[in-house]
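**Q**
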Amino acid sequence: MKQLIISLALASLLMLTGSVQAQVSITQSDMPTVGDTIRYSITDQIGGFDFQQTGAGLTWDFSMLEHQSQQVQSYLSASAINALFGLFFGMNVIASPMEFEFPNSPIDIPDFYSFHKKSSSLFTKEGYGGLVEGFPVPMKFS
Numbered sequence: 002m003k004q005l006i007i008s009l010a011l012a013s014l015l016m017l018t019g020s021v022q023a024q025v026s027i028t029q030s031d032m033p034t035v036g037d038t039i040r041y042s043i044t045d046q047i048g049g050f051d052f053q054q055t056g057a058g059l060t061w062d063f064s065m066l067e068h069q070s071q072q073v074q075s076y077l078s079a080s081a082i083n084a085l086f087g088l089f090f091g092m093n094v095i096a097s098p099m100e101f102e103f104p105n106s107p108i109d110i111p112d113f114y115s116f117h118k119k120s121s122s123l124f125t126k127e128g129y130g131g132l133v134e135g136f137p138v139p140m141k142f143s
């Protein structure tokens, strides 16, 4: 009898482990921090995907996509770019360089950044900032 109970328990355990599925959990450790880099790929071959489709058992397979280009996003300390950015946005904020252009304008901001704040429950974009003629110009979201 004891052997039958153990066998049934083992069989039940095997059946359960084969069908268990869970939602993806994203935590603070998944978000970038100072010194991190993220490589991402860009493609225009997204035909055939229905991004409105959701539900249990849905799997998206992107393995056949080929990238047209790749870029690396790096994360820096806001105060490492300029101490005034650290004072304005806060010392625990990270910054990532980004491209920014004013088309047909004499204004050039080659050093432009997106500022992000990470906590145990949120990863938020705090604002933008750039060095204009070497002077920091922050633009904080409200």
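If you count by the numbering used here, then the sequence shown holds residues 2 to 143, one letter each, in order. Built from N, CA and C at the ideal position, the CB exists for glycine as well.
(1) What are the boundary residues of the alpha helix (DSSP H) that residue 59 is part of?
(2) From 74, 96, 110, pick the residue whose C-alpha is nearest to that of residue 84; which is it?
(3) Going by DSSP in three states, residue 43 sits in which element: helix, strand or coil?
(4) If you drop the 5 nearest sequence neighbours on each side, which residues of the same chain put their C-beta closer than 8 angstroms to that of residue 142?
(5) Between the beta-carbon of residue 90 and the beta-carbon of residue 79, is there less than 8 angstroms?
(6) Can you grab the Cα-Cα spacing for the pair residue 133 / residue 37, in whole Å?
(7) If you pair each beta-carbon of the segment 65–74 with each one of the segment 34–51, do three or more pairs fall below 8 angstroms?
(8) Checking 8 angstroms against the spacing of the C-beta atoms, do residue 110 and residue 101 come in under that value?
(9) Quick check on the burial criterion: 16 or more other C-beta atoms within 10 angstroms. Buried or exposed for residue 104?
(10) Residue 74: which of 119, 39, 108, 55 sits nearest, CA to CA?
(11) Can you give me the C-alpha to C-alpha distance between residue 26 and residue 108, rounded to a whole angstrom?
(12) How would you call residue 87, buried or exposed, if buried means at least 16 neighbouring beta carbons within 10 angstroms?
(13) Taking the alpha carbon of residue 113 as the point to measure from, which residue in 55, 121, 99 has its own alpha carbon closest?
(14) List the whole-angstrom C-beta distance separating residue 35 from residue 76, where the pair is believed to meet the contact cut-off of C-beta under 8 angstroms.
**A** Concretely, from the data shown:
(1) Position 58 of the sequence shown, counted from the first residue, corresponds to residue 59. Note, residue 59: premise wrong, no alpha helix (DSSP H); not H, not E.
(2) The residue labelled residue 84 in the question sits at position 83 within the sequence shown. Of 74, 96, 110, the residue nearest in Cα terms is 96.
(3) As a first step, residue 43 is located in the sequence shown; it is residue number 42 there, counting from the start. Note: residue 43 maps to strand in three-state DSSP.
(4) Walking along the sequence shown from the start, residue 142 turns up at place 141. Within the same chain, residue 142 has close Cβ partners 126, 127, 128.
(5) For the purposes of this step, residue 90 is taken as residue 89 along the sequence shown, with counting starting at 1. For the purposes of this step, residue 79 is taken as residue 78 along the sequence shown, with counting starting at 1. Result yes, Cβ atoms of residue 90 and residue 79 sit closer than 8 angstroms.
(6) Here residue 133 refers to the residue found at position 132 of the sequence shown. Here residue 37 refers to the residue found at position 36 of the sequence shown. So the alpha carbons of these two residues sit roughly 26 angstroms apart.
(7) yes
(8) Taking the first residue of the sequence shown as 1, we reach residue 110 at position 109. Taking the first residue of the sequence shown as 1, we reach residue 101 at position 100. Cβ distance < 8 angstroms, so residue 110 and residue 101 count as in contact.
(9) Walking along the sequence shown from the start, residue 104 turns up at place 103. Classification for residue 104: exposed.
(10) As a position in the sequence shown, residue 74 is number 73, starting the count at 1. The candidate whose alpha carbon is nearest that of residue 74 is 39.
(11) By one-based count along the sequence shown, residue 26 stands at place 25. By one-based count along the sequence shown, residue 108 stands at place 107. Cα to Cα, the separation comes out at about 43 angstroms.
(12) Looking up residue 87 in the sequence shown gives position 86. So residue 87 counts as buried.
(13) Taking the first residue of the sequence shown as 1, we reach residue 113 at position 112. Considering only alpha carbons, the answer is 99.
(14) One-based indexing of the sequence shown puts residue 35 at position 34. One-based indexing of the sequence shown puts residue 76 at position 75. At roughly 6 angstroms, the Cβ-Cβ gap stays under 8 angstroms, so residue 35 and residue 76 are in contact.
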